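**Q** Got a structure for you, written out below as structure tokens; questions coming shortly.
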Amino acid sequence: MEILLQLILSGVALGMIYAVVAFGYQSTFATSGTLNFGQGEALMLGAMFGLSLAGDVMGGPYLNYWLMIPAVLIFGAFQGMVVEAVGVRPAIKTKSEFGWIMSTIALGIIFRNVAENIWGKDDMPFPSPISSTPLHIFGASVLPMELMVDVGALLMMVLVELFNRKTIYGKAVVATASDRDAAGLMGINTRMVITFSYALSSMSAAFAGVLIAPITLTGASMGAVLGLKAFAVAIIGGLNSGMGIIVGGILLGIAETTTGFYLSTGYKDVPGLVLLLLVLAIKPSGLFGKTAIKKV
Amino acid sequence: MKLFKVLISIIAIGVLFLIPTLLGDNEYYVHQMALIAIYAVLLFGLDIVVGYTGEVSLAHAGLFGIGAYTTGILSWRFGVPFYIGDIASIFVTALFGLLLALPALRVTGPYLAMVTLAFGTIAQILINEMDFLTNGPLGITIQQPVLFGKSLNEQGYYYVVITVLLLSMLLVGRILKSHYGRAFEALRGSPVASDCMGVSVYKYKVFAFVISAGIAGFAGSLFTFNELYIAPNTFNFDLTILFLLAIIMGGRKTRLGPIVGATIVVLLPNLLDDIGLFRDLSLAAVAGVIIFVLKHFISGQRTIKPLIIPVVAVSVLVTSAYRLQDMTNWRITIFGCLILFVVYYLQNGIVGWIRSVIGHFKPEWVARSLIKIDPNKELAHAVEGKTLASADLLSAKKILMQFGGLKALNEVDLTVFKGTIHGLIGPNGSGKSTMMNVLTGIYTPTSGTVSFDEKVISGNKPADIALKGIARTFQNLQLFGEMTALENVMVGLHHTYRSNLLDVLLQTPRYRREEQQARERAASILKFVGLESFINEEARNLPYGRQRLLEIGRALGLNPALLLLDEPAAGLTPPEITDLIDIIRKIKEHGITVILIEHHMDVVMGICDNVSVLDFGQKIAEGKPQEVQSNPKVIEAYLGSQAS
Numbered sequence: 006m007e008i009l010l011q012l013i014l015s016g017v018a019l020g021m022i023y024a025v026v027a028f029g030y031q032s033t034f035a036t037s038g039t040l041n042f043g044q045g046e047a048l049m050l051g052a053m054f055g056l057s058l059a060g061d062v063m064g065g066p067y068l069n070y071w072l073m074i075p076a077v078l079i080f081g082a083f084q085g086m087v088v089e090a091v092g093v094r095p096a097i098k099t100k101s102e103f104g105w106i107m108s109t110i111a112l113g114i115i116f117r118n119v120a121e122n123i124w125g126k127d128d129m130p131f132p133s134p135i136s137s138t139p140l141h142i143f144g145a146s147v148l149p150m151e152l153m154v155d156v157g158a159l160l161m162m163v164l165v166e167l168f169n170r171k172t173i174y175g176k177a178v179v180a181t182a183s184d185r186d187a188a189g190l191m192g193i194n195t196r197m198v199i200t201f202s203y204a205l206s207s208m209s210a211a212f213a214g215v216l217i218a219p220i221t222l223t224g225a226s227m228g229a230v231l232g233l234k235a236f237a238v239a240i241i242g243g244l245n246s247g248m249g250i251i252v253g254g255i256l257l258g259i260a261e262t263t264t265g266f267y268l269s270t271g272y273k274d275v276p277g278l279v280l281l282l283l284v285l286a287i288k289p290s291g292l293f294g295k296t297a298i299k300k301v
Numbered sequence: 063m064k065l066f067k068v069l070i071s072i073i074a075i076g077v078l079f080l081i082p083t084l085l086g087d088n089e090y091y092v093h094q095m096a097l098i099a100i101y102a103v104l105l106f107g108l109d110i111v112v113g114y115t116g117e118v119s120l121a122h123a124g125l126f127g128i129g130a131y132t133t134g135i136l137s138w139r140f141g142v143p144f145y146i147g148d149i150a151s152i153f154v155t156a157l158f159g160l161l162l163a164l165p166a167l168r169v170t171g172p173y174l175a176m177v178t179l180a181f182g183t184i185a186q187i188l189i190n191e192m193d194f195l196t197n198g199p200l201g202i203t204i205q206q207p208v209l210f211g212k213s214l215n216e217q218g219y220y221y222v223v224i225t226v227l228l229l230s231m232l233l234v235g236r237i238l239k240s241h242y243g244r245a246f247e248a249l250r251g252s253p254v255a256s257d258c259m260g261v262s263v264y265k266y267k268v269f270a271f272v273i274s275a276g277i278a279g280f281a282g283s284l285f286t287f288n289e290l291y292i293a294p295n296t297f298n299f300d301l302t303i304l305f306l307l308a309i310i311m312g313g314r315k316t317r318l319g320p321i322v323g324a325t326i327v328v329l330l331p332n333l334l335d336d337i338g339l340f341r342d343l344s345l346a347a348v349a350g351v352i353i354f355v356l357k358h359f360i361s362g363q364r365t366i367k368p369l370i371i372p373v374v375a376v377s378v379l380v381t382s383a384y385r386l387q388d389m390t391n392w393r394i395t396i397f398g399c400l401i402l403f404v405v406y407y408l409q410n411g412i413v414g415w416i417r418s419v420i421g422h423f424k425p426e427w428v429a430r431s432l433i434k435i436d437p438n439k440e441l442a443h444a445v446e447g448k449t450l451a452s453a454d455l456l457s458a459k460k461i462l463m464q465f466g467g468l469k470a471l472n473e474v475d476l477t478v479f480k481g482t483i484h485g486l487i488g489p490n491g492s493g494k495s496t497m498m499n500v501l502t503g504i505y506t507p508t509s510g511t512v513s514f515d516e517k518v519i520s521g522n523k524p525a526d527i528a529l530k531g532i533a534r535t536f537q538n539l540q541l542f543g544e545m546t547a548l549e550n551v552m553v554g555l556h557h558t559y560r561s562n563l564l565d566v567l568l569q570t571p572r573y574r575r576e577e578q579q580a581r582e583r584a585a586s587i588l589k590f591v592g593l594e595s596f597i598n599e600e601a602r603n604l605p606y607g608r609q610r611l612l613e614i615g616r617a618l619g620l621n622p623a624l625l626l627l628d629e630p631a632a633g634l635t636p637p638e639i640t641d642l643i644d645i646i647r648k649i650k651e652h653g654i655t656v657i658l659i660e661h662h663m664d665v666v667m668g669i670c671d672n673v674s675v676l677d678f679g680q681k682i683a684e685g686k687p688q689e690v691q692s693n694p695k696v697i698e699a700y701l702g703s704q705a706s
């Protein structure tokens, strides 16, 4: 029983990471109808960049963990803008869905390969900013870092939600999301909003990267499967439902930790991917999403 | 011209078979050549999905792996000969393709890309983990293939692979030229129109994907015996990217493109090993960009913006080429950059680009293979409606169509009698087009039923409704733009084919006869709507008014009992409208019932037998045109009530 609780708590932490990355998918999909297929790589770059600042891989540490986070956020935002400018904007202009899918995939593998060449192919440990002695909650031992992941993820999502609701810039984002053409006609610079959404998307992925890095290992290949599973979460929750991704993330996180424990760690990625196939087969708009009406 | 093509093909085939002799006994190069051929076979299949149906599949490395492992396991565990392994691989992989396609192809675009990626990842994980079957990460080593009791060396196997390559080139070409190929192209051109022509988008996408998977499995099986050792790591995400790069770089929708693409991706790593050659190539790229920049300025443009990316890219390329001593580790980055380059500057791939250059000088060399049809031959029964028993052909009862809180149709009844032209009018936003979509199955009504020929059809799929005899045109034109006028109509005639895949592959007399009949009938239909001079013209190049007529022609291909025309006169010039009225009358004379949505009142009043008027989702009047015209409610709906 304690073990199950422990698996659930670890699963929730993992799920919150998925939710944060999935949140990034949602933000670009809402404003531009596009997704960054290199979202996992954005997470990886964030973690690697954070490690270079706060760890000793690049001759550091230069900053402590907490001061490193704002730097990583800025880095993530910048990386997102690059993806948008190089991979997405030209494709939006030519209305080529194939174009942005392929170019964000291409950028993703370029980032991964560059990271491999800078930091090597091996996984590295990330120094934990807080005590790594497990806490005991109802008999289950939990890493303090896992709790911090939950708090950090929720905090970020609340902040963005507040930004959207309370500020005029947030309203521009919401307006663009609900009707890009109409928003453009009302004088909103929708191109800028799309760039912003990409910055936000990669920023949240980079943030997720430094949150999860102390729990797992950090390496150039950490992003690929994570990005895919976060997409599964975005689909399961629905691409337009904020609550959905949290529920979906937690669901998947728990499914994964329990599979890893009871079956084999080799199979831990399977339930998420199978769940993705199932949800798309049964309810493509996700468990919490609204179905779009097609116009003829 | 034809002789020329045959000659070129014979020479090319001859060279392919002579290569091992020419290369002497350099086993490495023979092996690489075989690998190119194997990748090319896979790419023929991938092209069906990427080029024809226009979807991105990231599952093909996984499918390739499944094929490779099917043969590998059969050979390693049971000593099954390679040709039986090949056949088993085709079927096993096609089955996996089907398992993936059935759920996955309900979605498209980015969703599908992600789902296929998930599938590919699962396939790799399972191959890795199921070591009782696959020997896990250690991989499988197998013996050289044996044919007629003789063990085949590199060279011998090369001949096998080349034969397979030529054969699959021929067979895939046959599929894509047939009604199946037209269906694939149509569903990319306009999914909704395909469905309304009785060509179920879902069904044909699944079909395309399964064929593609089978071919991938076949290629995987060939791969196993070429390498003689397979391990799970081979079939990873990078391989999928490699395949996609090859297909888009070589050129989509051609048979030559895959071969060019495969050659590039196989030889590129060799090239990167040779840093000197890479440096030379980067200088060539600089020359290319300089020409591009000069051309840009000579052509009178002064904007700098489009130049930034090429110039930056090429400077990065040259700097890295001369700074780095070893390019091997940067292989993936180079692939990524190539994808970006192709996506933005070489959309049609190398073959497509060469074709467009040739087309600039000798257009007739690259024109779509023209179909020759005697224009004066007109079939008597080209335009013919299904004969159905009941007098009231269509009856819709209490149709309610709700979108959220909006009632686009509010309990509307509509009865259409056989052999009449029934007008459906009303101000903008009154629910006419919604009604159209309900009748053709694009929307399922919230409540109420539609019966056609006394059978309930509401809730059926659009393709099924179309095949029952309801055809339609679209207010916003939904032609298959890249297909010719004749081919557009032939998609409408898809239902006349009884030939199956085997008929197409073997080109049986039945298939040839059906194809010939469909062509002749399509030509006659085009003559019927007055488009006989546009037979081989691509639909997107037709003048606007002609495009509207082509939509009608395509719908007539279905042998409809009921034809729904959604604003056919919109955007037409007065003489074109006169032609249109004649055509609609002729359609009625051929026993086809018509529902006509139209804003041109003279058209409606001139040819309709009955008219129904909708306003805000409700039917406000119905009757003979003259009665409706003088109905005060109708006048109020159109012009507003008098000041009160």
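These protein sequence lines are chains A and B, in that order. Counting from 6, one number per residue, gives the positions in the first sequence under this note's numbering. Counting from 63, one number per residue, gives the positions in the second sequence under this note's numbering. Yeah, the Cβ is synthetic: ideal placement off N, Cα and C, and Gly gets one too. The structure displayed is predicted, hence computed values, not measured ones.
1. Between the alpha carbons of Ala699/B and Leu625/B, how many angstroms are there, rounded?
2. For Ile22/A, I'd like the list of residues in its chain whose CB is within less than 6 Å of its CB, leaving aside the five on either flank, ordered along the chain.
3. Tell me, please, which residues DSSP counts as bridged to His484/B.
4. Smallest Cα separation from Asp388/B: which of Gly414/B, Pro207/B and Phe340/B?
5. Given that Asp127/A touches chain B, what residues does it touch there, using C-beta distances under 9 Å?
6. I'd like the span of the beta strand (DSSP E) that includes Gln387/B, first residue to last.
7. With Phe210/B as the anchor, note down where its beta strand (DSSP E) starts and where it stops.
8. Label Tyr384/B either buried or exposed according to how many other C-beta atoms from any shown protein chain fall within 10 Å of its C-beta, with 16 as the threshold for buried.
9. According to DSSP, is Ser509/B part of a helix, a strand, or is it coil?
10. Note down, in chain order, all residues in the region 96-116 of chain B with a beta-carbon under 9 Å from any beta-carbon belonging to chain A.
11. Whose C-alpha, out of Val322/B, Ala444/B, Gly171/B and His122/B, is nearest the C-alpha of Phe158/B?
12. In angstroms with no decimal places, state the Cα-to-Cα distance between Gly124/B and Ala281/B.
13. Is DSSP giving Thr181/A helix, strand or coil here?
14. What number of angstroms, rounded off, separates the C-alpha of Thr270/A from the C-alpha of Ser133/A?
15. Please list, in chain order, all residues of the same chain as Val666/B whose beta carbon is under 8 Å from its beta carbon, the five residues on each side excluded.
16. Measuring alpha carbon to alpha carbon, tell me which of Gly198/B, Leu476/B, Glu689/B and Thr170/B ends up nearest Thr296/B.
17. Identify the continuous alpha helix (DSSP H) that holds Leu567/B and give its terminal residues.
18. Can you give, in chain order, each stretch of the alpha helix (DSSP H) that sits fully within the region 556-640 of chain B and has at least 4 residues?
19. Have a look at the DSSP bridge pairing and note the partners of Lys469/B.
20. Suppose contacts are defined by Cβ-Cβ distances below 8 Å. Is Gly543/B in contact with Gly251/B by that definition?
21. List, in chain order, every chain A residue whose beta-carbon is nearer than 7 Å to that of Gly592/B.
22. Is Gly51/A closer than 8 Å to Val252/A when the C-beta atoms are compared?
23. If we cut at 8 Å on Cβ distances, does Tyr272/A have a partner in chain B?
24. Find the residues of chain A that neighbour Ile187/B, judging by a C-beta separation of less than 8 Å, and give them in chain order.
25. List, in order along the chain, the chain B residues whose C-beta lies closer than 8 Å to that of Ser1/A?
26. Since Thr390/B and Leu304/B are thought to touch, with beta carbons under 8 Å apart, how far apart are those beta carbons, to the nearest angstrom?
27. What three-state label does DSSP hand His358/B in the structure shown?
28. Within 8 Å, do at least three Cβ pairs link the region 110-120 of chain A to the region 77-94 of chain A?
29. At a Cβ threshold of 8 Å, is Gly55/A touching chain B?
30. Would you give the residue range spanned by the beta strand (DSSP E) that Arg534/B belongs to?
31. Classify Met248/A: buried if its beta carbon has 16 or more other beta carbons within 10 angstroms, exposed otherwise.
32. CB Asp109/B to CB Pro253/B, shorter than 8 Å?
33. Considering only the alpha carbon of each residue, which of Glu600/B, Pro622/B and Leu588/B lies closest to Leu611/B?
34. What are the residues in the region 215-229 of chain A lying within 9 Å of chain B by C-beta distance?
35. Can you name the residues of chain B whose CB is closer than 7 Å to the CB of Gly104/A?
36. So within the region 123-196 of chain A, which uninterrupted beta strand (DSSP E) runs reach at least 3 residues, ignoring any that extend past its ends?
**A** Concretely, from the data shown:
1. Taking the straight line joining both Cα atoms gives about 27 Å.
2. Contacts found: Ala213 and Ile217.
3. Answer is Ile657/B and Asn672/B.
4. Answer by Cα proximity: Phe340/B.
5. Correct list: empty, because the minimum Cβ distance to chain B is about 14 Å.
6. Where Gln387/B is concerned, there is no enclosing beta strand (DSSP E), given that its DSSP letter is neither H nor E.
7. For Phe210/B, there is no enclosing beta strand (DSSP E), as DSSP marks it with neither H nor E.
8. With a threshold of 16 other beta carbon atoms within 10 Å, Tyr384/B falls short and is exposed.
9. Strand at Ser509/B.
10. Listed in sequence order: Val112 and Gly116.
11. Taking Phe158/B as reference, the option from Val322/B, Ala444/B, Gly171/B and His122/B with the minimal CA-CA separation is His122/B.
12. The straight-line gap from Cα to Cα measures roughly 12 Å.
13. In the structure shown, Thr181/A sits in a helix (DSSP, three-state: H, G or I).
14. Taking the straight line joining both Cα atoms gives about 23 Å.
15. Cβ neighbours of Val666/B beyond the five flanking positions: Gly485, Ile487, Leu658, Glu660, Val673 and Pro687.
16. For the set Gly198/B, Leu476/B, Glu689/B and Thr170/B, the Cα lying nearest the Cα of Thr296/B is the one of Gly198/B.
17. Where Leu567/B is concerned, the enclosing alpha helix (DSSP H) starts and stops at Leu563 to Leu568.
18. Runs of the alpha helix (DSSP H) lying entirely within the region 556-640 of chain B, each at least 4 residues long, are 563-568, 571-590 and 606-618 in chain order.
19. Bridge partners of Lys469/B: Gln464/B.
20. For Gly543/B and Gly251/B, yes; Cβs fall inside 8 Å.
21. The premise fails here: Gly592/B is roughly 26 Å from chain A at the closest Cβ pair, so nothing lies under 7 Å.
22. Cβ atoms of Val252/A and Gly51/A: not closer than 8 Å.
23. Chain B contact via Cβ: present.
24. The contacting residues are Gly271, Tyr272, Asp274 and Val275.
25. This structure leaves residue 1/A out entirely; chain A is present only between 6 and 301.
26. Contact flag wrong, Cβ pair sits at about 15 Å.
27. DSSP, read as helix, strand or coil, puts His358/B in helix.
28. As far as the Cβ criterion goes, the region 77-94 of chain A touches the region 110-120 of chain A, which means the pair count is three or higher.
29. Not one chain B Cβ lies under 8 Å of Gly55/A.
30. If you look at Arg534/B, you'll find it in the beta strand (DSSP E) that goes Ile532 to Arg534.
31. Met248/A should be labelled exposed.
32. No, they are not a contact pair.
33. Nearest to Leu611/B by C-alpha distance, out of Glu600/B, Pro622/B and Leu588/B, is Leu588/B.
34. Only those residues of the region 215-229 of chain A whose C-beta falls short of 9 Å from the nearest C-beta of chain B are listed: Ala229.
35. Contact note: Gly104/A reaches chain B through Val405, using a C-beta cutoff of 7 Å and chain order.
36. DSSP runs (the beta strand (DSSP E)) wholly in the region 123-196 of chain A: 140-142 and 145-147.
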